[in-house]
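Residues in the sequence shown are numbered from 1 upward in steps of one, following full-length UniProt numbering.
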Amino acid sequence: MAERDGHEFIGDALDAGAAAYLTSREPGPGTAIRVADTGVALADLGAAARNSFSSPVVGITGSVGKTSVKDMTAAVLAPLGAIQASRRSFNNQIGVPLTLLGAPLEPAVVVVELGARAEGDIKALCDLARPDIGVVTTVGVAHTEAFGSLEAVARAKGELLDGLPPGGCAVLNADVPEAVGLASRSRAPVLTFGNRGEVRAREVVLDDDLRAQFRLESPWGRVDVHLGARGVHMVSNALAAAAVGLFLGVPPAGVAAGLAEAELSPWRMELATSPSGVLVLNDSYNANPASMSAALDALASLPGDGRRVAVLGLMAELGDRTADEHARVAADAEARGVEVIPVGTHLYGPAAVDDVDEALVVVAEVGLVAGDAVLVKGSRVVGLEAVAGRLLER
Numbered sequence: 001m002a003e004r005d006g007h008e009f010i011g012d013a014l015d016a017g018a019a020a021y022l023t024s025r026e027p028g029p030g031t032a033i034r035v036a037d038t039g040v041a042l043a044d045l046g047a048a049a050r051n052s053f054s055s056p057v058v059g060i061t062g063s064v065g066k067t068s069v070k071d072m073t074a075a076v077l078a079p080l081g082a083i084q085a086s087r088r089s090f091n092n093q094i095g096v097p098l099t100l101l102g103a104p105l106e107p108a109v110v111v112v113e114l115g116a117r118a119e120g121d122i123k124a125l126c127d128l129a130r131p132d133i134g135v136v137t138t139v140g141v142a143h144t145e146a147f148g149s150l151e152a153v154a155r156a157k158g159e160l161l162d163g164l165p166p167g168g169c170a171v172l173n174a175d176v177p178e179a180v181g182l183a184s185r186s187r188a189p190v191l192t193f194g195n196r197g198e199v200r201a202r203e204v205v206l207d208d209d210l211r212a213q214f215r216l217e218s219p220w221g222r223v224d225v226h227l228g229a230r231g232v233h234m235v236s237n238a239l240a241a242a243a244v245g246l247f248l249g250v251p252p253a254g255v256a257a258g259l260a261e262a263e264l265s266p267w268r269m270e271l272a273t274s275p276s277g278v279l280v281l282n283d284s285y286n287a288n289p290a291s292m293s294a295a296l297d298a299l300a301s302l303p304g305d306g307r308r309v310a311v312l313g314l315m316a317e318l319g320d321r322t323a324d325e326h327a328r329v330a331a332d333a334e335a336r337g338v339e340v341i342p343v344g345t346h347l348y349g350p351a352a353v354d355d356v357d358e359a360l361v362v363v364a365e366v367g368l369v370a371g372d373a374v375l376v377k378g379s380r381v382v383g384l385e386a387v388a389g390r391l392l393e394r
């Protein structure tokens with residue numbers, strides 16, 4: 001997606017009621033605050049906001065699941081009081097200061113999602129947000145085009161842990177090989193989650209709506225959980241959020257209630273039925289190899305014996321692993337009996353379509369009927385949410 005200059009939207013902001021704006025240009029209409037660099041000024045404002053409160057800050061990063069863990073964490077922490085959390089996936093040098101600036105005067109906890117496209121990015125965001133608790137959801141194949149290797153991805157994610165205070169906590173996924181190396185970077189105590197973690201799920205089952213039920217076990221006790229989010233892969237995300245909540249004093253029953261009520265950001269595992277009775281699984285916000293595998297697993301797990309079709313867009317920023325990872329997804333889909341309609345890429349196979357409109361034509365020609373199911377998923381640059389929306393009109 002092309003970058004835009006925020007100066008282009010000053011007029012819209014004023015029309016929407018903005019009291020003033022930052023600008024590095026000659027001021028126009030309205031109240032202007034002229035600065036040498038708007039990005040630096042925004043960061044300075046965010047830092048000032050961070051200095052205004054002493055409440056704990058939770059920083060969340062990882063190759064997969066950052067936004068879902070952020071959403072779940074905010075829901076789990078709700079019993080503690082006013083929670084400020086990043087909107088959607090506002091996780092960069094613009095989104096992080098905006099999150100800090102949006103915090104109430106006395107927040108109970110601030111939850112900040114931290115993204116990166118290069119080594120050093122997360123350190124810069126941590127210098128601004130100064131997290132007390134750091135969560136690394138996982139380390140995997142995502143943005144490897146920018147980082148160059150999985151080892152570089154791990155180094156970048158570990159920047160979150162370098163500055164944690166001794167009284168804080170590093171929340172790490174015990175099921176990834178990089179956990180030991182990540183733990184060694186933290187001065188704060190480490191709390192692990194996952195199958196081999198201190199916070200773990202047992203007896204996991206999916207209901208007919210793809211929502212996981214399990215027994216949550218931790219040093220704080222046991223509790224039964226029924227997730228509001230869909231997909232068995234959401235169990236790991238829920239464990240990360242639970243670990244944060246338990247560490248900050250939310251009782252197990254409160255954690256379970258928060259996980260049941262958590263609402264995910266848009267276009268993540270949304271399941272709806274079209275007027276013609278076709279199930280549409282909209283997971284179109286973004287895609288990488290791990291999340292694509294999880295989405296195909298969810299599609300195959302839907303009840304019934306109808307056809308399963310996946311409208312798949314490109315998985316972007318995979319570098320020299322691009323061809324192999326797309327071929328692996330195609331093979332995974334074939335093994336599950338899922339018909340793939342590739343959009344805008346031939347990497348899944350030769351029968352690709354060029355755009356969203358053509359994809360809808362092909363889906364119509366497939367002749368889906370009540371009981372069939374369609375997964376819609378691709379990287380953000382593809383914009384496949386339009387396909388899901390149109391399918392739900394039919």
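From the three backbone atoms N, C-alpha and C, an ideal C-beta is built for every residue, glycine too.
How many angstroms separate the CA atom of residue i from the CA atom of residue j?
i	j	result
Ala-124	Pro-303	46 Å
Gly-39	Gln-84	22 Å
Asn-237	Gln-213	14 Å
Phe-53	Gly-168	16 Å
Pro-166	Ala-129	17 Å
Pro-189	Ile-133	10 Å
Val-64	Leu-264	14 Å
Arg-211	Gly-30	49 Å
Gly-367	Val-329	24 Å
Leu-77	Val-171	15 Å
Ala-386	Asn-195	37 Å
residue 427	Thr-67	In the structure as shown, the chain begins at 1 and stops at 394. Residue 427 is therefore absent and cannot be evaluated.
Ala-327	Ala-152	24 Å
Gly-349	Glu-334	11 Å
Met-1	Val-311	For Met-1, the pLDDT reaches just 43, beneath the cut-off of 50, and the residue's location in the model is therefore unreliable, although a value from the coordinates is still provided. The alpha-carbon atoms of Met-1 and Val-311 are separated by roughly 20 Å.
Gly-6	Val-35	14 Å
Arg-380	Asn-91	15 Å
Leu-347	Ala-323	6 Å
Ala-287	Thr-345	14 Å
Val-338	Ala-229	23 Å
Ser-24	Arg-4	15 Å
Rank the options by C-alpha distance to the C-alpha of residue i and give the top, closest one.
i	options	result
Asp-372	Ala-300, Ala-241 and Val-139	Ala-300
Leu-100	Ala-116, Glu-145, Ala-49 and Leu-161	Ala-49
Ser-276	Leu-391, Met-292 and Gln-93	Leu-391
Val-110	Glu-119, Pro-97 and His-7	Pro-97
Pro-342	Val-362, Arg-336, Ala-335 and Thr-192	Val-362
Gly-221	Pro-177, Arg-200, Ser-86 and Asn-91	Arg-200
Ala-242	Arg-215, Pro-266, Arg-230 and Arg-268	Arg-215
Ser-284	Ala-359, Ala-260 and Ala-388	Ala-388
Pro-79	His-226, Thr-273 and Val-255	Val-255
Val-235	Pro-251, Ser-89 and Asn-173	Asn-173
Leu-191	Asp-12, Val-135 and Val-340	Val-135
Lys-70	Gly-115, Asn-51, Ile-33 and Gly-163	Gly-115
Arg-87	Pro-266, Leu-271 and His-233	Pro-266
Val-340	Glu-8, Met-292 and Asp-15	Met-292
Pick helix, strand or coil for residue i, following the three-state DSSP scheme.
i	result
Thr-61	strand
Glu-113	strand
Glu-339	strand
Asn-91	coil
Val-374	strand
Leu-318	coil
Val-135	strand
Val-353	strand
Gly-313	strand
Leu-384	coil
Ala-170	strand
Thr-99	helix
Thr-73	helix
Ala-85	strand
Thr-23	strand
Arg-4	coil
Ser-149	coil
Glu-334	helix
Pro-177	coil
Pro-252	helix
Is the CB-CB distance between residue i and residue j below 8 Å?
i	j	result
Ser-55	Ala-108	yes
Gly-313	Gly-378	yes
Leu-42	Ile-94	yes
Arg-155	Glu-119	yes
Leu-384	Asp-332	no
Ala-253	Ala-75	no
residue 459	Leu-279	Nothing can be reported for residue 459, as the shown portion of the chain is limited to 1 through 394.
Cys-126	Gly-46	no
Pro-289	Val-176	no
Val-205	Leu-259	no
Leu-150	Leu-182	no
How about residue i: is its Cβ closer than 7 Å to a heavy atom in the ligand HEM?
i	result
Ala-108	The model depicted lacks the ligand HEM and carries no ligand whatsoever.
Q: Could you name each continuous alpha helix (DSSP H) segment of 4 residues or more that falls completely within the stretch 190-238, going from the start of the chain to the end?
A: none
Q: Scan the stretch 254-307 and note each continuous alpha helix (DSSP H) run of 4 residues or more that stays entirely inside, going in chain order.
A: 289-301
Q: Please list the segments of the alpha helix (DSSP H) lying wholly inside the stretch 29-56, counting only runs of 4 or more residues, in order along the chain.
A: Listed in chain order, the complete alpha helix (DSSP H) runs (minimum 4 residues) inside the stretch 29-56 are 38-51.
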